[in-house]
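Asks:
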Amino acid sequence: MSTIIKNIKNPIHSFDDFLSSSPKLINFLLKFKKYDPNPSSEIYIESKKYIVQLATKQKDFYQIFRLRSKCFKRGVLKNIKDFSLENDCYDKFSDYLIVKDKVDDKVLATYRLIPSFKTNDYYSSSEFDLSKLLELDGIKIELGRACTDKEKTSPIIFALLWKGLLEYANRVDAKYLFGCSSIFCGEEYSTAIFNDFLENDFVHSRIISMPKYKYLPKSNIKKKEKTVVNVKDIKIPSLIKSYLNAGAKICSFPAYDKDFKCLDLLTLFNIKDINNRYEEKFKS
Numbered sequence: 064m065s066t067i068i069k070n071i072k073n074p075i076h077s078f079d080d081f082l083s084s085s086p087k088l089i090n091f092l093l094k095f096k097k098y099d100p101n102p103s104s105e106i107y108i109e110s111k112k113y114i115v116q117l118a119t120k121q122k123d124f125y126q127i128f129r130l131r132s133k134c135f136k137r138g139v140l141k142n143i144k145d146f147s148l149e150n151d152c153y154d155k156f157s158d159y160l161i162v163k164d165k166v167d168d169k170v171l172a173t174y175r176l177i178p179s180f181k182t183n184d185y186y187s188s189s190e191f192d193l194s195k196l197l198e199l200d201g202i203k204i205e206l207g208r209a210c211t212d213k214e215k216t217s218p219i220i221f222a223l224l225w226k227g228l229l230e231y232a233n234r235v236d237a238k239y240l241f242g243c244s245s246i247f248c249g250e251e252y253s254t255a256i257f258n259d260f261l262e263n264d265f266v267h268s269r270i271i272s273m274p275k276y277k278y279l280p281k282s283n284i285k286k287k288e289k290t291v292v293n294v295k296d297i298k299i300p301s302l303i304k305s306y307l308n309a310g311a312k313i314c315s316f317p318a319y320d321k322d323f324k325c326l327d328l329l330t331l332f333n334i335k336d337i338n339n340r341y342e343e344k345f346k347s
């Protein structure tokens, strides 16, 4: 690395300079030159160190897909040599909420938002039957691809991301937020985990979406007996805990994602039911 730096006539001083000179960015711009979704609203929240907004620039999109690749391909899937950008067919319908560093303009956290007035084709629909959920009146927003830069992550960044999310929901007059949330464990734990959420009153009283056949967890009696004993040992991710503490309900039986080796649960917020503690924290 030091040899390369010595040979650079015009040294790169910032992340913005790197993006401007990166061949990967140039290839991205050529591939996605027509990929320029118009945000459904305008969001701008500023703190001492960070800015929360909806992505509007190709440079932002590149950073988003790059961060997602780092989190999901090289992080979760452990494909440490895979540096390809992480994007899929649902991105073209999406708005992208981002938290950026004010100093170097680097994207530190992101949420993919798919509002129902843009499409009824959601990532969640690839795993679950959403028919009952989509019967709910009002605008719905699918939350997905939540990720943060682990080197810069902090409670403040997460709080700002949520503040931006609630602002977005308010501006587009949405009534519901929903999306897949993952628990990294074997499929044999599906029944016990669902029952545990049920016993703790975290399951929706009317809507239970079933996984599509491809994502149905396999089960047998021996495994099921084992999970009843060991379910408390399963680590519930902090993101799911935050959702449940904010008033979300589980509205599906777990689906099993073989690629990511995790159980996916469909979570649903009725925005008006987000509890007062979180409203005061994020809207103040």
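64 is the number of the first residue of the sequence shown in this note's numbering; add one for each residue after it. Glycine included, C-beta positions come from ideal geometry on N, C-alpha and C. Note that this is a predicted model, so its numbers are computed, not measured.
So, residue 266 versus residue 313, is the Cβ gap smaller than 8 Å?
Replies: Stepping through the sequence shown from its first residue, residue 266 is reached at position 203. Stepping through the sequence shown from its first residue, residue 313 is reached at position 250. Contact: yes.
Asks: Between the Cα of residue 231 and the Cα atoms of 205, 251, 214, which residue gives the shortest distance?
Replies: Stepping through the sequence shown from its first residue, residue 231 is reached at position 168. Closest option to residue 231, Cα to Cα, is 205.
Asks: On the CB-based measure, 16 or more other CB atoms within 10 Å of its CB, does residue 219 come out buried or exposed?
Replies: Position 156 of the sequence shown, counted from the first residue, corresponds to residue 219. Exposed: under 16 other Cβ atoms inside 10 Å.
Asks: Contact between the stretch 103–112 and the stretch 161–181: three or more CB pairs below 8 Å?
Replies: yes
Asks: Do residue 130 and residue 174 have their C-beta atoms within less than 8 Å of each other?
Replies: Start at 1 with the first residue of the sequence shown, and residue 130 comes out as number 67. Start at 1 with the first residue of the sequence shown, and residue 174 comes out as number 111. Contact flag unset, no.
Asks: Distance, Cα to Cα, residue 178 vs residue 311?
Replies: Numbered from its first residue, the sequence shown carries residue 178 at position 115. Numbered from its first residue, the sequence shown carries residue 311 at position 248. Roughly 18 Å between the two C-alpha positions.
Asks: Do you know how far the Cα of residue 209 is from the Cα of residue 11?
Replies: Beyond the ends of the chain as shown, which are 64 and 347, falls residue 11; an answer cannot be given.
Asks: Have a look at the DSSP bridge pairing and note the partners of residue 317.
Replies: One-based indexing of the sequence shown puts residue 317 at position 254. Among the bridge pairs identified by DSSP, residue 317 is matched with none.
Asks: With H, G and I counted as helix, E and B as strand and the rest as coil, what does DSSP make of residue 131?
Replies: Locating residue 131 in the sequence shown gives position 68, where the first residue counts as 1. It is helical.
Asks: My assumption, with CB atoms under 8 Å, is that residue 329 sits in contact with residue 243. Please give the rounded CB distance.
Replies: In the sequence shown, residue 329 corresponds to position 266, counting from 1. In the sequence shown, residue 243 corresponds to position 180, counting from 1. At roughly 6 Å, the Cβ-Cβ gap stays under 8 Å, so residue 329 and residue 243 are in contact.
Asks: Out of curiosity, what's the CA-to-CA distance linking residue 250 and residue 304?
Replies: The residue labelled residue 250 in the question sits at position 187 within the sequence shown. The residue labelled residue 304 in the question sits at position 241 within the sequence shown. Whole-angstrom Cα-Cα distance: 20 Å.
Asks: I'd like to know whether the C-beta atoms of residue 212 and residue 172 end up nearer to each other than 8 Å.
Replies: As a first step, residue 212 is located in the sequence shown; it is residue number 149 there, counting from the start. As a first step, residue 172 is located in the sequence shown; it is residue number 109 there, counting from the start. In this structure, residue 172 lies closer than 8 Å to residue 212 by Cβ.
Asks: Between residue 195 and the rest of its own chain, which residues show a CB-CB distance below 6 Å, the 5 nearest in sequence each way excluded?
Replies: Residue 195 sits at position 132 when you count from the first residue of the sequence shown. Excluding sequence neighbours, residue 195 sits near 270.
Asks: Could you tell me which whole beta strand (DSSP E) segments of length 3 or greater appear in the stretch 183–236?
Replies: 202–211
Asks: Less than 8 Å between the beta carbons of residue 245 and residue 272, yes or no?
Replies: The residue you call residue 245 lines up with position 182 of the sequence shown. The residue you call residue 272 lines up with position 209 of the sequence shown. Going by C-beta atoms, residue 245 is not nearer than 8 Å to residue 272.
Asks: Quick check for students: name the residue ranges of the beta strand (DSSP E) that lie wholly in the stretch 149–173, counting only runs of 3 or more.
Replies: 158–164
Asks: Nearest by alpha-carbon distance to residue 182: which of 190, 191, 154, 162 is it?
Replies: Indexing the sequence shown from 1 puts residue 182 at position 119. Considering only alpha carbons, the answer is 154.
Asks: Quick one: grab the DSSP three-state call for residue 254.
Replies: Residue mapping note: residue 254 aligns to position 191 of the sequence shown, counting from 1. In this structure, residue 254 counts as helix in the three-state DSSP scheme.
Asks: Looking only at its own chain, which residues have a Cβ that is under 6 Å from the Cβ of residue 234, when we skip the five neighbours before and after it?
Replies: On the sequence shown, position 171 is the one that residue 234 refers to. Excluding residues within five positions, the ones whose Cβ falls inside 6 Å are 104.
Asks: If residue 326 and residue 317 are in contact, beta carbons under 8 Å, what's the gap, nearest whole angstrom?
Replies: Sequence index remark: in the sequence shown, residue 326 carries index 263 (1-based). Sequence index remark: in the sequence shown, residue 317 carries index 254 (1-based). Confirmed, Cβ separation roughly 4 Å.
Asks: With respect to 7 Å, is the separation between the Cβ of residue 279 and the closest non-hydrogen atom of the ligand GDP below this value?
Replies: As far as ligands go, the structure on display features none, and thus does not contain the ligand GDP.
Asks: Between which two residues does the beta strand (DSSP E) containing residue 108 stretch?
Replies: Looking up residue 108 in the sequence shown gives position 45. From DSSP, the beta strand (DSSP E) with residue 108 extends over 107–109.
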